[in-house]
Amino acid sequence: MKVVSTQRSQVLAGRLSNALNIPVIDTRWQKFPDGEIYVRAMQPAEKVIICGSVLTSDDLVELLLLKDAFSSSDVTLIIPYMGYARQDKQFNPGEPLSARAIAQILGKNTSRVYTVNIHEKSVLNHFHTEATDVSLSGPAAEFIRTLSLNNPLILSPDEGALLLARDVASHGSWESDYLQKTRISGEQVRIEPKSVSVSERDVVIIDDIISTGGTQATAAAMLYDQGARSIHTMGIHGVLASGAYTRLTSAGIDSISCSDTIERACSTYSAASVLAGYL
Ligand code: R5P
């Protein structure tokens, strides 16, 4: 067994190689003058783990090309961050079910698929092969421990992400809750935890994805007004689009962290050990 990755997931592939004690396949990536992608894996493998997050359309094409390069191998596919998973329903007539389109194409000629904290679990059914979603609640909790917070309160930005917050909180026997939005007037909303006060508390807001950071920045401003002592924002997947990092730091957030499903300067914890446990 060997591991190979797209450009996007080189660090995680290296960590998987260490955790599983298997070689990484040396790989070359180039772009043709017209923008087309060229990939070449420098060694063959009978059994291969292909690791590639899909953040952009180029990432998807690169992953498809790499899969094709191993079309005669037994392929285990890891999609640490699966973009397009948020379009998991046809919300309006004429829309595609984008998550299904991506899953169907990536599931072909693949023995098994692993995703990490996928936005919506029902997407796994569209791969048409054995597909498992793994959770990074353990490594996220281990990272929170390193912040040396005083009895932190783990919040999810909405009820939908409460399970993740609860799961993370359970690793440290911490309290958890979710943020509720109440409309006060046409322009004004109030965001506060459903039942636990943030006054004098160290707060961690955790979401599956930090995209523009807007959700967490807005929540943080209100939680500081309600007396929070410190606010730390965590995402499993640091998409960090449209100046998200700056938006969060300018909102006074004390720390920003995400995992290495998308490799960022603020990737403070890894998916490698949890994934290795499944492989
Ligand atoms: C929503 O579907 C996700 O779970 C996140 O809550 C969302 O992507 C966060 O978006 P943003 O960072 O742009 O507020």
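Sequential numbering of the sequence shown, starting at -5, is according to the numbering used here. All C-beta atoms, glycine included, are put in the ideal place defined by N, C-alpha and C.
Confirm the yes/no value for this check: CB of HIS113, any heavy atom of the ligand R5P, distance under 7 Å.
Yes - the ligand R5P has a heavy atom lying nearer than 7 Å to the Cβ of HIS113.
Between which two residues does the alpha helix (DSSP H) harbouring GLU186 extend?
It is not in any alpha helix (DSSP H) - GLU186 instead sits in the beta strand (DSSP E) that spans 183 to 187.
Please classify ARG223: does DSSP put it in a helix, a strand, or coil?
Here ARG223 sits in coil by DSSP.
Flag this pair as touching only if the stretch 123 to 139 and the stretch 210 to 220 have three or more C-beta atom pairs under 8 Å; answer yes or no.
The stretch 123 to 139 vs the stretch 210 to 220: no contact.
If you drop the 5 nearest sequence neighbours on each side, which residues of the same chain put their C-beta closer than 6 Å to that of VAL233?
Closer than 6 Å at Cβ, skipping near neighbours: ILE203 and SER205.
Comparing C-alpha positions only, which one of GLY207, LEU269 and SER244 sits nearest to SER236?
Looking at the Cα atoms, GLY207 is the closest of the given residues.
From which residue to which residue does the alpha helix (DSSP H) around ARG160 run?
Counting along the chain, the alpha helix (DSSP H) containing ARG160 begins and ends at 156 to 166.
Between GLU89, GLN24, ARG106 and MET228, which lies nearest to ASP248 when the distance is taken from Cα to Cα?
Closest option to ASP248, Cα to Cα, is MET228.
Classify THR104 as buried or exposed, calling it buried when 16 or more other Cβ atoms lie within 10 Å of its own Cβ.
That one is buried.
With H, G and I counted as helix, E and B as strand and the rest as coil, what does DSSP make of ASP196?
ASP196: strand per DSSP, three-state reduction.
Which value, in whole angstroms, describes the spacing of the CA atoms of PRO38 and ASN15?
Distance between the alpha carbons of PRO38 and ASN15 is about 17 Å.
Put GLY232 into one of helix, strand or coil per three-state DSSP.
Looking at GLY232 - three-state DSSP - the assignment turns out to be strand.
Run through the stretch 37 to 70 for me and flag every whole alpha helix (DSSP H) of 4 or more residues, listed as ranges in chain order.
Segments of the alpha helix (DSSP H) lying fully in the stretch 37 to 70: 51 to 63.
Touching or not, the stretch 37 to 54 and the stretch 75 to 95, by the rule of three or more beta carbon pairs under 8 Å?
With a cut-off of 8 Å, the stretch 75 to 95 and the stretch 37 to 54 count as touching, because enough Cβ pairs lie within range.
Evaluate the contact criterion for the stretch 251 to 262 versus the stretch 4 to 11: three or more CB pairs, one atom per stretch, below 8 Å.
Result yes; three or more Cβ-Cβ pairs closer than 8 Å.
Does at least one heavy atom of the ligand R5P sit under 7 Å from the Cβ of ASN155?
Checking the sequence shown, residue 155 turns out to be Ala, not Asn. Yes - the ligand R5P has a heavy atom lying nearer than 7 Å to the Cβ of ALA155.
Taking only the alpha-carbon atoms, compute the straight-line gap between ILE199 and ALA245 and give it to the nearest angstrom.
Those two C-alpha atoms are separated by around 13 Å.
Is THR0 helix, strand or coil when you go by DSSP?
Of the three classes helix, strand and coil, the one that applies to THR0 here is coil, per DSSP.
So, using beta-carbon positions, are VAL197 and ILE225 closer together than 8 Å?
Cβ atoms of VAL197 and ILE225: closer than 8 Å.
Report yes if the C-beta distance between TYR108 and LEU269 is below 8 Å; otherwise report no.
The answer is yes: Cβ separation under 8 Å.
Pull up the DSSP beta-bridge partners for MET216, would you.
Answer by DSSP bridge pairing: none, since MET216 is not bridged.
Am I right that ASP82 and VAL42 are in contact with their C-beta atoms under 8 Å? What's the rounded C-beta distance?
The pair is not a contact, with the Cβ atoms about 28 Å apart (cut-off 8 Å).
On a CA-only basis, which of VAL162, GLU40, LEU58 and ALA238 is nearest TYR32? Give me that one, please.
Looking at the Cα atoms, LEU58 is the closest of the given residues.
On the CB-based measure, 16 or more other CB atoms within 10 Å of its CB, does PRO17 come out buried or exposed?
The residue is exposed, with fewer than 16 neighbouring Cβ atoms inside 10 Å.
Among the residues of its own chain, which have a CB less than 6 Å from the CB of LEU156, if the five just before and after it don't count?
Within the same chain, LEU156 has close Cβ partners SER150 and TYR172.
In terms of alpha-carbon separation, which member of VAL192, LEU217, VAL(-3) and LEU143 lies closest to PHE64?
The shortest Cα separation from PHE64 among VAL192, LEU217, VAL(-3) and LEU143 belongs to VAL(-3).
Could you tell me if the beta carbon of GLY208 falls within a distance shorter than 7 Å of some heavy atom in the ligand R5P?
True, at least one ligand heavy atom lies under 7 Å from that Cβ.
Identify whether GLN98 lies in helix, strand or coil by the three-state DSSP scheme.
Correct three-state label for GLN98: helix.
Provide the residue span of the alpha helix (DSSP H) that contains ARG241, from first to last.
First-last of the alpha helix (DSSP H) with ARG241: 238 to 244.
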